[in-house]
Every structure is written in structure tokens, then in C-alpha cells.
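Asks: First the structure, which I've put down as C-alpha cells, then a few questions once you've had a look.
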Amino acid sequence: MENSLYKPSMFNRIVDIDREVIIYNSANGTDSIMRVKEENVKNVKELLTRNSKFLKDDDAYTKLVAGGYLVPIDVDEKAYRNMLISRRTTHNVLYLIVHITNACNFRCKYCYMDFGSDFLSDNTQQGIINFVKKNIHKYNGLIIDWFGGEPLLGVDIIERISEGLIGICKRHKKPYTARITTNGYELTSDIFNRLLKCRVLSYTITIDGTQELHDRQRVLVNGGPTFDKIINNLRYIRENSRRASIGVTIRGNLTKEHSHELDKYYSFFNEHFGDDNRFDMFVRPVADYGGEIVKSLADTFLDNMTDTYKSLSRLHDKLGYDAQCIDLEVGGSACVAKLANKFTIGTDGSIHKCDEMLENPVGYLQQDGKLDIDPYQQAEWIELTPNSVQCDDCFYSCCCMMELCPKTRMQGGKVECQFNLDEIDAEIVLAATTLNAKTI
Numbered sequence: 170m171e172n173s174l175y176k177p178s179m180f181n182r183i184v185d186i187d188r189e190v191i192i193y194n195s196a197n198g199t200d201s202i203m204r205v206k207e208e209n210v211k212n213v214k215e216l217l218t219r220n221s222k223f224l225k226d227d228d229a230y231t232k233l234v235a236g237g238y239l240v241p242i243d244v245d246e247k248a249y250r251n252m253l254i255s256r257r258t259t260h261n262v263l264y265l266i267v268h269i270t271n272a273c274n275f276r277c278k279y280c281y282m283d284f285g286s287d288f289l290s291d292n293t294q295q296g297i298i299n300f301v302k303k304n305i306h307k308y309n310g311l312i313i314d315w316f317g318g319e320p321l322l323g324v325d326i327i328e329r330i331s332e333g334l335i336g337i338c339k340r341h342k343k344p345y346t347a348r349i350t351t352n353g354y355e356l357t358s359d360i361f362n363r364l365l366k367c368r369v370l371s372y373t374i375t376i377d378g379t380q381e382l383h384d385r386q387r388v389l390v391n392g393g394p395t396f397d398k399i400i401n402n403l404r405y406i407r408e409n410s411r412r413a414s415i416g417v418t419i420r421g422n423l424t425k426e427h428s429h430e431l432d433k434y435y436s437f438f439n440e441h442f443g444d445d446n447r448f449d450m451f452v453r454p455v456a457d458y459g460g461e462i463v464k465s466l467a468d469t470f471l472d473n474m475t476d477t478y479k480s481l482s483r484l485h486d487k488l489g490y491d492a493q494c495i496d497l498e499v500g501g502s503a504c505v506a507k508l509a510n511k512f513t514i515g516t517d518g519s520i521h522k523c524d525e526m527l528e529n530p531v532g533y534l535q536q537d538g539k540l541d542i543d544p545y546q547q548a549e550w551i552e553l554t555p556n557s558v559q560c561d562d563c564f565y566s567c568c569c570m571m572e573l574c575p576k577t578r579m580q581g582g583k584v585e586c587q588f589n590l591d592e593i594d595a596e597i598v599l600a601a602t603t604l605n606a607k608t609i
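If you want the working numbering, it's the 1-based position in the sequence shown plus 169.
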């Protein structure tokens, strides 16, 4: 090793902040993030801009090699990245997103869905059970995401399917994971305990800012408020469930209005849930994913999350939450539609790859468990997208996996990079601030 030549990794990113710098490597995700002290900045920057022999007595050099910032000079990093892409695309876990219903008790001001009154048919329920029964031996495990509409309107359906799937996985000794995305309004103590029996341990619940903003943006069908009831449901979980394996992610969909009240928003949840590490927070900008209703909010859209991440970094010392910087993990910002073993199941048994293109099924699930999929349509979703030289050489390519949105491509839109470098840099700083980054 002492005589080995090393080069800077192509996946490095250096972010200057005050008199220090923060370094990040997309091939190693948030675990790679390091804060470089002022006295070491010059040395580290020099090491990350040239080839060099291994310096065993240089502590910074040793840490840079260990963190993947310096790699052997003969390493083909693009080949390694392509292996990561292939491994993710063909990951041998069956992943099913199940739309319990297209009905919803909310009428959120930005929702793209066309609501109806359909629930997962008996035939489709049995088809899901039979499909898993026939095919689980091919996979290393099963992940179920219960989705809607509002899935808790059909909790009896969740119970029926879960009973069948849990039994199948137990007999085949395969791990079973169940998650749910819900507005949280019907997540009463009774419903929560029923879901626990279905082994639903991961909950994503959207609360858009302070009570005033949330109750303006996420209302009942009759226009009524929703904030207080959701908070009371979450308090029940915090106070009465002792299961350490439960995870509750509070998601916030932000507009320009929310950006002025981030302090109040985070402080409220810090006060009520910040001392319970089963709760965390995750924010995203409101965007136009389709439909007419969201167009009224167009003037309030955030251009990007740069300022939001900077604000959260400044708030960190007041909060008990760590940031959820999923976009900085390997494959963290890549589209799940391209996963070969991921299928979204509609209420009528239709099979989809993208949850935002439910009008374009790639096949149908039969009651006997047969998956009738058009292989050519499926191939359009999981094919390797032609990449530009810019994508191929980008430091961020282990996170996005060079996957330009297949939905945009299939709808005939302009396919281009949707990532903002200033936003990524701000998220790197946020991660370094909240995740106790190592120092050099």
C-alpha cells in the first residue's frame, strides 16, 4: 500500500462553508461526509486534486483513503458505478405498492389523483395472495407499501391480504416488510393496533407546516380542518406504543409560505416528538404532478430546496431531529419505476411501473396469481436511458444512477437533469450538520 498510487475519486464533492469545507462522496453516501477543519483545508484540497503516493504518516490522507475520497489509480470507477446501478435495478426483493382504494377523505390543494369510490376487488385481493404464493421462492423477501387514495378507508382489506402474505412468508422463511403512506386522519388507536397485527411498522404521514398552513392545504372533503386529529393520533402512538421497531416519518410538502415558518414548524414537532427517535421529519417542495387543482398554487412553488436546507442547518441546534438526506444515499434519488421487481397494483388489478401514470398499465394481475405483463411496455420503464457525457462524468451519478425520468420520456417531454447543484450542496451541509459527520 505504501508504494501505491492514488487518485481523487470522480464522485467527490467539496463544499466551502465559512473557513472550513465539507466533503462528500456519492459512491459511499452520507456515511462518507466529513468536515475538514480550517487548519487542514489547504492540505485536503491539494490531496483531492492530484494523484499521489500513499502517505502512511498523514492522518488526513489515511482518512481520505478510508472514506473512498482517494482510490487506487488503476480503478475504473465508472465500472463500479455501473455495477451499483445493475445491483439496484435487479435487487432480488419483491416490492409491491398496493392501491387499496382510489377514494380519499381529504381534498388536498395540490393532489394529482383523480378520486373515485373503488376499492381493491376481491379477485385482485386473492390475486395478490396467489401471486406471492406462487413466486416468493424466487425472491429474498417481500416489501408491501399500502397506498391510496387513503388506504385506511380499507383497513379490512389490508388485514385480509396481510394475513395471507405473512403466512406465506413465514412458511418460506422469507422476511416480510410492510409500510403505509396515509394522511393519518383515521389512524386512531384501534386502527393503529390493527395495523400492528398486520406487521405494518413504517408510517409516512403528511403534515404541511403549522396548524394554520396545514389546515389551509390539507382539508377534508367538506373543507374541514385535519391538523388536530392527526396530531392526537400521533400522540397516542408516542405515549402508548413501546415498540422500538416502529418508524413514523412526518412528511412536509412545502410552498413559499412554509419557508417563512420553518422555525415554528420544526419547533412544534421537536417539542412534541423530538425526544422519541422513532419519529423523524422529511420535507419536499410542492410540485405539479398533474391534475388541475394544483395549478392554483403555481405561484407559491419553491424553485428549489436550497434555502430550506440552509434554514434547517441553522435550526439544527434547537432540534432533536436528524435530517433525512435520502437524496445523498447511493441510489437515493433514483426512480423506483426502473426496479425490475417493483410493481404497483391498482384497485382493478392493473399493473403499473409509475405511480404518477396510472392511466398506462403494463399488464394485469389475474385472480389465480398470474401476472400478465407486456414485456415490451415493461422494458420501456427499465431500459438503460442514454446518458450524456455530462451525466457519465457527474459526481452525483451514484445517487441518481443517471436515470432521467422515464415518465417524462414516455410522455414525449424534454428529458433533462432535474437536479440543482446548489440544492445538493446545501443538503450536504445539512447532512454534515445533523448527522455528526466525522472530522479531519
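Backbone N, C-alpha and C fix where the C-beta goes; we use that ideal spot for every residue, glycine too. Predicted model, so just to flag it, every value in this text is computed and none were measured.
To the nearest angstrom, report how far apart Cys567 and Ala606 are at their CA atoms.
Replies: Distance between the alpha carbons of Cys567 and Ala606 is about 20 Å.
Asks: Is it true that the region 219-239 meets the region 188-206, where meeting means three or more beta-carbon pairs spaced less than 8 Å apart?
Replies: Flag = yes, the region 219-239 and the region 188-206 touch.
Asks: State buried or exposed for Asp314, treating a residue as buried only when at least 16 other CB atoms are found within 10 Å of its CB.
Replies: Label assigned to Asp314: buried.
Asks: Express the C-alpha separation of Ile406 and Arg453 in angstroms, rounding to a whole number.
Replies: Approximately 24 Å between the Cα atoms of the pair.
Asks: Is there contact here, the region 262-279 with the region 582-597, by at least three beta-carbon pairs under 8 Å?
Replies: Judged by Cβ distances under 8 Å, the region 262-279 makes no contact with the region 582-597, as fewer than three pairs qualify.
Asks: Cα-Cα, which of Val324, Cys277, Tyr434, Leu265 is closest to Ile305?
Replies: The option with the nearest alpha carbon to Ile305 is Leu265.
Asks: According to DSSP, what are the bridge partners of Leu311?
Replies: In DSSP, Leu311 forms a bridge with Leu263, Tyr345.
Asks: For Lys342 and Gly310, which I take to be in contact (beta-carbon distance under 8 Å), what is that distance rounded to the nearest angstrom?
Replies: 10 Å between Cβ atoms; not a contact.
Asks: Measure the C-alpha to C-alpha separation of Glu528 and Arg182 and round it to an integer number of angstroms.
Replies: Approximately 40 Å, taken between the alpha carbons.
Asks: Determine the direct distance from the alpha carbon of Tyr230 to that of Val531, and round the result to whole angstroms.
Replies: So the two alpha carbons sit approximately 51 Å from each other.
Asks: Could you say which of Tyr175, Lys247, Asn439, Phe512 lies nearest to Gly378 if we only look at CA atoms?
Replies: Considering only alpha carbons, the answer is Asn439.
Asks: Just how far apart, CA to CA, sit Gly393 and Asp384?
Replies: Cα to Cα, Gly393 sits roughly 8 Å from Asp384.
Asks: Give me the Cα-Cα distance between Arg329 and Leu289, rounded to the nearest whole angstrom.
Replies: Computed Cα separation, rounded: 11 Å.
Asks: Taking just the CA atoms, how far does Leu540 sit from Cys338?
Replies: Spanning the two alpha carbons is a distance of roughly 19 Å.
Asks: Ordered along the chain, which non-local residues of its own chain (more than five positions away) have a Cβ less than 6 Å from that of Met179?
Replies: Taken in chain order, the residues that qualify are Glu246.
Asks: Less than 7 Å between C-beta atoms, sequence neighbours within five positions excluded: which residues of the same chain meet that for Thr199?
Replies: Within the same chain, Thr199 has close Cβ partners Cys494, Leu497, Glu498, Ala600, Leu604.
Asks: Quick one, are the C-beta atoms of Arg256 and Met570 less than 8 Å apart?
Replies: Cβ atoms of Arg256 and Met570: not closer than 8 Å.
Asks: Could you check what DSSP says for Phe512 in three-state terms: helix, strand or coil?
Replies: Strand.
Asks: Just checking my contact of Glu549 with Met579 at CB under 8 Å: how many whole Å lie between their CB atoms?
Replies: Yes, Glu549 and Met579 are in contact; Cβ-Cβ is about 6 Å, under 8 Å.
Asks: Please state whether DSSP places Asp243 in a helix, a strand or coil.
Replies: Coil.
Asks: Measure from the alpha carbon of Asp445 to the alpha carbon of each residue in Leu423, Ile419, Tyr434, then state which is nearest.
Replies: Residue Ile419 is the option with its Cα nearest to Asp445.
Asks: Output yes or no for whether 8 Å exceeds the beta carbon distance between Ile597 and Lys232.
Replies: No, the pair does not count as a contact, with Cβ atoms beyond the cut-off.
Asks: What does a CB cutoff of less than 8 Å around Phe300 pick up in its chain, not counting 5 residues either side in sequence?
Replies: Excluding positions up to five away in sequence, the list reads Leu534, Gly538, Lys539, Leu540.
Asks: Let me make sure I understand the geometry here. Which of Ser482, Leu370, Gly353 has the alpha-carbon closest to that of Thr346?
Replies: Nearest of Ser482, Leu370, Gly353 to Thr346, Cα basis: Leu370.
Asks: Thinking C-alpha only, which one of Ser195, Asp283, Gly285, Asn352 is nearest Arg250?
Replies: Ranking the options by Cα distance to Arg250, first place goes to Ser195.
Asks: Here's the rule: buried if 16 or more other CB atoms are within 10 angstroms of the residue's CB, otherwise exposed. What is Met474?
Replies: The residue in question, Met474, is buried, as its Cβ has 16 or more Cβ neighbours within 10 Å.
Asks: Which one of Glu426, Gly317, Ile415 has the shortest CA to CA distance from Tyr372?
Replies: When only C-alpha atoms are compared, the closest one is Ile415.
Asks: Please report the Cβ distance between Ile326 and Asn352, rounded to the nearest whole angstrom; I am assuming they are in contact, meaning their Cβ atoms lie under 8 Å.
Replies: That pair is no contact at about 17 Å.
Asks: Determine the DSSP secondary structure at Arg182, reduced to helix, strand or coil.
Replies: In this structure, Arg182 counts as strand in the three-state DSSP scheme.
Asks: If you draw a straight line from the alpha carbon of Lys176 to that of Ile593, how long is it in whole angstroms?
Replies: Looking at the two C-alpha atoms, the distance is approximately 24 Å.
Asks: Could you check the C-alpha separation between Lys464 and Gly443 for me, to the nearest Å?
Replies: Their Cα atoms are separated by approximately 35 Å.
Asks: Thinking C-alpha only, which one of Glu381, Glu426, Asp524 is nearest Phe512?
Replies: Looking at the Cα atoms, Asp524 is the closest of the given residues.
Asks: Name, in chain order, the residues that DSSP records as bridge partners for Met203.
Replies: According to DSSP, Met203 bridges with Ile192, Lys607.
Asks: Give, in chain order, every unbroken run of the alpha helix (DSSP H) that is at least 4 residues long and sits entirely within the region 368-449.
Replies: The qualifying runs are 380-386, 396-409, 425-428, 431-442.
Asks: Should Met252 go down as buried or exposed, given a rule of 16 or more other Cβ atoms within 10 Å for buried?
Replies: With fewer than 16 other Cβ atoms within 10 Å, it is exposed.
Asks: Using the rule of at least 16 other Cβ atoms within 10 Å of the residue's Cβ for burial, across every protein chain shown, is Thr293 buried or exposed?
Replies: Buried, by the Cβ-count rule.
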